[in-house]
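Participant: Handing you a structure now.
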Amino acid sequence: MLSVKTPHSIGLLFFVVMLLGSCATIKPVNKYSTESLEGLQNFEQLTYSFVQACNDKCLVDQLEKKELFKADCACGPEERADSVTLSIYLLLKSYLEGLKQLSASDLTNYSYEGLTGALTQGKFGSLTLNEKHVNAFGKLSTSITKAITDRYRHKKLALFIGDGNDAFNTTLDALHFNLESNLSGRLDTRKELLRSYMFDLFNAKDISEYEKKKIIEEHNAQIADIEQRKKQLALYSKSLKVIAEGHQQLYNNRNNLTDKKTMKEVSAVISELEAIVTALKTLKNKL
Amino acid sequence: MAAKLTSKQITELGDEFLAIGKNVGDYRLNNREKLSEEENKSLKTYHRSLIDRADELYTTSAALVMDEVDASMNTIKGITTEIDKVYKKLLNVQKAIDIAAAAVNLAAAIFTMKPAAIGKSVLKLVDAVKEDAAPKSKSAPVSKSISTKGSGKKITPAKKKKTPAKKAKAVKKKTKTKSK
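Dropping the structure here:
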């Protein structure tokens, strides 16, 4: 029988205490990845795309030419631009999902119930194990396994965050650039074309006062719509910057991912992200 | 060798074309009364051409981004695959415990020398090993989830798989009833 008085037992006990003492959750990574994922997924709520921009332009052409039937709209380059933007988004999403899964607190909550059950019910020759001792073994095994596997995934997460930081930020920046600069640019050109078209319509000969009123209302509504979409893109792009900032915080603290300081820093970034996500939801309802 | 423009430079050019286009548009709109029909039409065509060029540049730039971040995207892809492997490895720890439980059951059955119990235990062990051999059905790989909309993918914590434990408890109850 194992006695706590033997030097081996004391050594083992010391090891177990040390191991359990080092057991800590990877909350900052899980909080960051969960909230960032939610923020990133607002991409799916964006109401404008390159193909949409192409179709809008075709509509202006149709109106200018006063054609009842829409001519074929060649939107191949816009489809490619949307496809690139979507690919970048999906990759970032998949990375954050991975971080979220790997840092989930219940991932390493292993159960030894099956094993302890088998040990207490079984008779091994002349040996019968005491149920109380077996249950204690189960609890200790659960804690030790959790501690070991948590240390393992902590080490792995630090490695992944370290190796992926530059690539993640570059890719995030590319998504930001495509939306904030290029897609938003397409909204600016749409505004310009609309202004030109509405101006000519307004100044056409033999137009009634009522028709002029209608043109003004239509123009104002269209411009307001463009501005809202631009605002949505700007807000979403801002959220991407915050997500990048959060990843940088994890990277800076990658060797102390369980620290309170890390949690505090990540929480500050997350609060900022939550505020943007709320603003995006409010804006979405207006579109 | 001709230097290639970066996506950022192309977008900057798009911004320039748009700015010039706006100026042409402003001029046409502000001087409508002074312009002849011909001049107005001509300016409108210039305006449209400039806006079209800006559109093309923005769209080209957006597609070009892919080439520029290709290396970074490959790095992220590689890391995501590694994350998935570690995740599955950690899920497999529970499976290993379940297999151990089934093996202990079998050992106990052999010690008691009861053929019926040995048969049942062998089946249990085979089931546990089978579950281990087909882990994909229990956990969706990260790479697959990218095509799904929303974040509804549920993490399957290993602790929820208690089937062998429940089975063991059930057997224990039966044994107790028999001994009474």
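In order, the protein sequence lines correspond to chains A and B.
Those letters in the first sequence? Residues 1 to 287, per this note's numbering, in order.
Those letters in the second sequence? Residues 288 to 467, per this note's numbering, in order.
Glycine included, every Cβ here is placed at the ideal spot set by N, Cα and C.
Count the other CB atoms within 10 Å of the CB of E78 (chain A); is the residue buried (16 or more) or exposed (fewer)?
Facilitator: Here residue 78 (chain A) refers to the residue found at position 78 when the first sequence is read from its first residue. Flag for E78 (chain A) reads buried.
Participant: Within its chain, find whatever has a CB closer than 7 angstroms to the CB of D166 (chain A); leave out the 5 residues flanking it on each side and keep chain order.
Facilitator: Here residue 166 (chain A) corresponds to residue number 166 of the first sequence, with the count starting at 1. Here the set comprises nothing.
Participant: With three or more C-beta pairs closer than 8 angstroms as the rule, is the stretch 299-311 of chain B touching the stretch 272-283 of chain A?
Facilitator: Touching, no.
Participant: Could you confirm whether any beta carbon from chain B is found closer than 7 angstroms to the beta carbon of T149 (chain A)?
Facilitator: In the first sequence, residue 149 (chain A) corresponds to position 149, counting from 1. Yes, because at least one Cβ of chain B sits closer than 7 angstroms to the Cβ of T149 (chain A).
Participant: Can you find at least 3 beta carbon pairs, one from the stretch 168-180 of chain A and one from the stretch 225-239 of chain A, that sit closer than 8 angstroms?
Facilitator: They touch, by the three-pair rule.
Participant: Would you say T242 (chain A) faces chain B, with C-beta separation under 7 angstroms as the test?
Facilitator: Start at 1 with the first residue of the first sequence, and residue 242 (chain A) comes out as number 242. Thr is not the amino acid found at residue 242 (chain A); the sequence shown has Val there. By this cut-off, V242 (chain A) is not an interface position.
Participant: In whole angstroms, what separates the C-alpha of Y210 (chain A) from that of A204 (chain A)?
Facilitator: Numbered from 1 along the first sequence, position 210 holds the residue referred to as residue 210 (chain A). Numbered from 1 along the first sequence, position 204 holds the residue referred to as residue 204 (chain A). Answer to the nearest angstrom: the Cα atoms are 14 angstroms apart.
Participant: Is the CB-CB distance between I368 (chain A) and S103 (chain A) below 7 angstroms?
Facilitator: In the structure as shown, chain A begins at 1 and stops at 287. Residue 368 (chain A) is therefore absent and cannot be evaluated.
Participant: Check whether chain B comes within 7 angstroms of Y95 (chain A), counting only Cβ atoms and requiring the distance to be less than that.
Facilitator: For the purposes of this step, residue 95 (chain A) is identified with residue 95 of the first sequence, where counting begins at 1. Answer yes: the Cβ-Cβ gap between Y95 (chain A) and chain B drops below 7 angstroms somewhere.
Participant: In whole angstroms, what is the alpha-carbon distance linking E324 (chain B) and L330 (chain B)?
Facilitator: Taking the second sequence and counting its residues from 1, one reaches residue 324 (chain B) at position 37. Taking the second sequence and counting its residues from 1, one reaches residue 330 (chain B) at position 43. The alpha-carbon atoms of E324 (chain B) and L330 (chain B) are separated by roughly 10 angstroms.
Participant: What is the rounded straight-line gap between the Cα of A147 (chain A) and the Cα of K139 (chain A)?
Facilitator: Walking along the first sequence from the start, residue 147 (chain A) turns up at place 147. Walking along the first sequence from the start, residue 139 (chain A) turns up at place 139. Spanning the two alpha carbons is a distance of roughly 12 angstroms.
Participant: Closest Cβ-Cβ distance between E180 (chain A) and chain B: below 7 angstroms?
Facilitator: For this step, residue 180 (chain A) is matched to residue 180 along the first sequence. E180 (chain A) does not count as touching chain B.
Participant: Excluding five sequence neighbours on each side, which residues of the same chain lie with their C-beta closer than 8 angstroms to the C-beta of Q228 (chain A)?
Facilitator: The residue labelled residue 228 (chain A) in the question sits at position 228 within the first sequence. Taken in chain order, the residues that qualify are L283, K286, L287.
Participant: Just confirm the distance between the C-beta atoms of L294 (chain B) and T170 (chain A), as a whole number of angstroms; I'd bet it's less than 8 angstroms.
Facilitator: What you label residue 294 (chain B) is simply residue 7 of the second sequence in a count that begins at 1. What you label residue 170 (chain A) is simply residue 170 of the first sequence in a count that begins at 1. According to the sequence shown, residue 294 (chain B) is Ser rather than Leu. Not a contact, Cβ separation roughly 12 angstroms.
Participant: Tell whether a beta-carbon distance below 7 angstroms holds between V269 (chain A) and L157 (chain A).
Facilitator: Counted from its first residue, the first sequence places residue 269 (chain A) at position 269. Counted from its first residue, the first sequence places residue 157 (chain A) at position 157. No, they are not a contact pair.
Participant: So what's Y110 (chain A) in DSSP terms, helix, strand or just coil?
Facilitator: Along the first sequence, one-based indexing puts residue 110 (chain A) at 110. Correct three-state label for Y110 (chain A): coil.
Participant: Confirm, please, whether the CB-CB distance from V60 (chain A) to L193 (chain A) is below 7 angstroms.
Facilitator: Within the first sequence, numbered from 1, the residue matching residue 193 (chain A) stands at position 193. Within the first sequence, numbered from 1, the residue matching residue 60 (chain A) stands at position 60. Against a cut-off of 7 angstroms, the Cβ pair of V60 (chain A) and L193 (chain A) comes out as a contact.
Participant: When you compare the stretch 338-352 of chain B with the stretch 84-99 of chain A, are there three or more beta-carbon pairs, one atom per stretch, that lie closer than 8 angstroms?
Facilitator: Verdict: yes, contact present.
Participant: Cβ of S196 (chain A) less than 7 angstroms from any chain B Cβ?
Facilitator: Residue 196 (chain A) sits at position 196 when you count from the first residue of the first sequence. Yes, S196 (chain A) lies at the interface with chain B (some Cβ there is under 7 angstroms from its Cβ).
Participant: List the residues of chain B whose Cβ lies closer than 8 angstroms to the Cβ of V300 (chain A), in chain order.
Facilitator: The structure shown does not extend to residue 300 (chain A), since chain A is modelled only from 1 through 287, so no value can be given for it.
Participant: So, with DSSP's three-state summary, where would you put F69 (chain A)?
Facilitator: The count along the first sequence starts at 1 and reaches residue 69 (chain A) at position 69. F69 (chain A) falls in the coil class under three-state DSSP.
Participant: Near F136 (chain A), what residues of its chain come up, given a Cβ to Cβ distance below 8 angstroms and the 5 sequence neighbours on each side ignored?
Facilitator: Walking along the first sequence from the start, residue 136 (chain A) turns up at place 136. Contrary to the premise, residue 136 (chain A) reads as Ala rather than Phe in this sequence. Nothing listed; no residue qualifies.
Participant: For T34 (chain A), collect the residues of the same chain with a Cβ closer than 8 angstroms to its Cβ; drop the 5 residues on either side in sequence, then sort them by chain order.
Facilitator: Locating residue 34 (chain A) in the first sequence gives position 34, counting from the first residue. Excluding sequence neighbours, T34 (chain A) sits near K100.
Participant: Leaving out the 5 sequence neighbours to the left and right, which residues in its chain are closer than 6 angstroms to E272 (chain A) when beta-carbon positions are compared?
Facilitator: Counting from 1 along the first sequence, the entry for residue 272 (chain A) is found at position 272. Taken in chain order, the residues that qualify are V242.
Participant: Mapping DSSP to helix, strand and coil, what is N220 (chain A)?
Facilitator: Here residue 220 (chain A) refers to the residue found at position 220 of the first sequence. Three-state result, N220 (chain A): helix.
Participant: Please list the partners that D188 (chain A) has in chain B, where partner means a Cβ-to-Cβ separation under 7 angstroms.
Facilitator: In the first sequence, counting from the first residue as 1, residue 188 (chain A) sits at position 188. Those are L305, listed as they occur along chain B.
Participant: Just the Cα atoms here: how many angstroms apart are S426 (chain B) and E44 (chain A)?
Facilitator: Position 139 of the second sequence holds residue 426 (chain B). Position 44 of the first sequence holds residue 44 (chain A). Summary for S426 (chain B): the model assigns pLDDT 39, below 50, so the residue's position carries little reliability; its value from the coordinates is reported in the next sentence. Each residue's Cα considered, the two are about 25 angstroms apart.
Participant: Just to confirm the assignment, what range does the alpha helix (DSSP H) spanning V356 (chain B) have?
Facilitator: Taking the first residue of the second sequence as position 1, residue 356 (chain B) is located at position 69. Premise fails: V356 (chain B) is in no alpha helix (DSSP H) and is neither H nor E.
Participant: I need the straight-line Cα distance from G164 (chain A) to C54 (chain A), nearest angstrom please.
Facilitator: Reading the first sequence from its first residue, position 164 is the one you call residue 164 (chain A). Reading the first sequence from its first residue, position 54 is the one you call residue 54 (chain A). Going by the C-alpha atoms only, they are around 35 angstroms apart.
Participant: Which same chain residues end up closer than 6 angstroms to A244 (chain A) when comparing Cβ atoms and leaving out the 5 residues on each side of it in sequence?
Facilitator: For the purposes of this step, residue 244 (chain A) is taken as the residue at position 244 of the first sequence. Closer than 6 angstroms at the Cβ level, and outside the excluded window around A244 (chain A), lie N169, L172.
Participant: Which word fits N392 (chain B), buried or exposed, when buried means at least 16 other C-beta atoms lie within 10 angstroms of its C-beta?
Facilitator: Translated into the one-based positions of the second sequence, residue 392 (chain B) becomes position 105. Flag for N392 (chain B) reads buried.
Participant: Looking only at its chain, what residues have a beta carbon closer than 6 angstroms to the beta carbon of R186 (chain A), apart from the 5 residues adjacent to it on each side?
Facilitator: Reading the first sequence from its first residue, position 186 is the one you call residue 186 (chain A). Correct list, in chain order: A53.
Participant: I'd like to check one pair, T367 (chain B) with G98 (chain A): are the Cβ atoms closer than 7 angstroms?
Facilitator: Stepping through the first sequence from its first residue, residue 98 (chain A) is reached at position 98. Stepping through the second sequence from its first residue, residue 367 (chain B) is reached at position 80. Contact: yes.
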